[in-house]
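Novice: So for the sequence shown, the working numbering puts the first residue at 13; every next one is plus one.
Think of the CB as a built atom: it goes at the ideal place given N, C-alpha and C, for glycine as much as any other residue.
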Amino acid sequence: MKHEQAPPATTEHPTEPDTVTSRTVGPATEKPRSGAHPTAKRPWSARRIPAAVTALLVGAVAGTLLFDIARVRAGQSAAGWRTRLADELATRPLDDVRIQIAAAVITVLGLWLLVLALSPGLRNQLPLRTPDTDLRATLDRDAAVLLLRDAAMRVPGVSAAKVRILRNRVRVRADARFRGPADVKADLLIALQTELDRLALARPPRLGIRVRPPRR
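This is how it looks when you write it as structure tokens:
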């Protein structure tokens, strides 16, 4: 008589969490480590308008020149503008005012294109500190100004506040209503520094606070 054997019990192993879910939830739950943080860089601007304008100008000039050269190779005479341009370049001296102005304009345009190519742009976007180097986050500069201004207005004695965020500095000008300027400035320093820490900017700027006494 055969005895039926129960199938061996299978132990279920917990499946590993999905990499996308873990990477998405991780930065929201984990606290950033104290000390050095990954260097967050400002995102690069596409600069579509300057690139399109430059490409159109270069293409138009090159296409017109190549078309005239093809006409000359086909046995026709060169265009009048190219003949006059060649004569001007051959006969006009280099110390001529128009030549110097044209050279200065071309130099400025070339330097401007180099600056656009080598700088990231998007100065209105402030990079935020993140615990993961692959995760990037930015904060709009105007939104940061509003948050700092609201923090300044919550300080007792402040009747008006103006905030400007520069590259490495935050300038704050406040009007004291009924308290001493020194006390208001001390409270502003604490409130604004707390707000800056809460914003978690990748490059925390320095605070510059000016408090004007109440008008009599």
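Does DSSP classify Arg224 as helix, strand or coil?
Specialist: Residue state, collapsed to three classes: strand.
Novice: Could you have a look at Gln150 and say whether DSSP puts it in helix, strand or coil?
Specialist: A small fix is needed here, since residue 150 is Thr in this sequence, not Gln. Residue state, collapsed to three classes: strand.
Novice: I'd like to know whether the C-beta atoms of Leu200 and Val223 end up nearer to each other than 8 Å.
Specialist: Yes.
Novice: What number of angstroms, rounded off, separates the C-alpha of Ala114 from the C-alpha of Ile177?
Specialist: Each residue's Cα considered, the two are about 38 Å apart.
Novice: Sort Ala188, Arg183, Trp124 and Ala214 by Cα distance to Ile221 and report the nearest one.
Specialist: Nearest C-alpha to Ile221: Arg183.
Novice: For Arg181, tell me which candidate among Val157, Ala82 and Gly92 has the shortest Cα-Cα distance.
Specialist: The candidate whose alpha carbon is nearest that of Arg181 is Val157.
Novice: Measuring alpha carbon to alpha carbon, tell me which residue in Val73, Val70, Pro139 and Ser57 is nearest Arg215.
Specialist: The shortest Cα separation from Arg215 among Val73, Val70, Pro139 and Ser57 belongs to Pro139.
Novice: List the residues that DSSP assigns as beta-bridge partners of Leu140.
Specialist: DSSP, once it has assigned bridges, lists Leu213 as partnering Leu140.
Novice: Excluding the five sequence neighbours on either side, which residues of its own chain have a C-beta within less than 8 Å of the C-beta of Pro193, listed in chain order?
Specialist: Cβ within range, chain order: Val223, Arg224 and Pro225.
Novice: Can you name the residues that DSSP bridges to Lys174?
Specialist: Note: Lys174 sits in a beta bridge opposite Arg185.
Novice: Since Arg141 and Leu219 should fall inside the 8 Å C-beta cutoff, what is the C-beta to C-beta distance between them, to a whole number of angstroms?
Specialist: Contact flag wrong, Cβ pair sits at about 17 Å.
Novice: Terminal residues of the continuous alpha helix (DSSP H) containing Phe79?
Specialist: Its alpha helix (DSSP H) spans residues Arg60 to Arg85.
Novice: Tell me the DSSP secondary structure of Leu219 in three-state form.
Specialist: Three-state result, Leu219: strand.
Novice: Within 10 angstroms of its Cβ, does Val167 collect 16 or more other Cβ (buried), or is it exposed?
Specialist: Result: buried.
Novice: On the three-state DSSP scale, how would you describe Arg8?
Specialist: Nothing can be reported for residue 8, as the shown portion of the chain is limited to 13 through 228.
Novice: Touch check for the stretch 73–87 and the stretch 141–151: three-plus C-beta pairs under 8 Å?
Specialist: Cβ pair count under 8 Å is below three, so no.
Novice: How would you call Pro29, buried or exposed, if buried means at least 16 neighbouring beta carbons within 10 angstroms?
Specialist: Summary for Pro29: the model assigns pLDDT 39, below 50, so the residue's position carries little reliability; its value from the coordinates is reported in the next sentence. Pro29 should be labelled exposed.
Novice: Compare the beta carbon distance of Leu134 and Pro55 with 8 Å and say whether it is the shorter of the two.
Specialist: Yes.
Novice: For Ala186, count the other beta carbons within 10 Å of its own beta carbon; 16 or more makes it buried, fewer makes it exposed. Which is it?
Specialist: The residue is buried, with at least 16 neighbouring Cβ atoms inside 10 Å.
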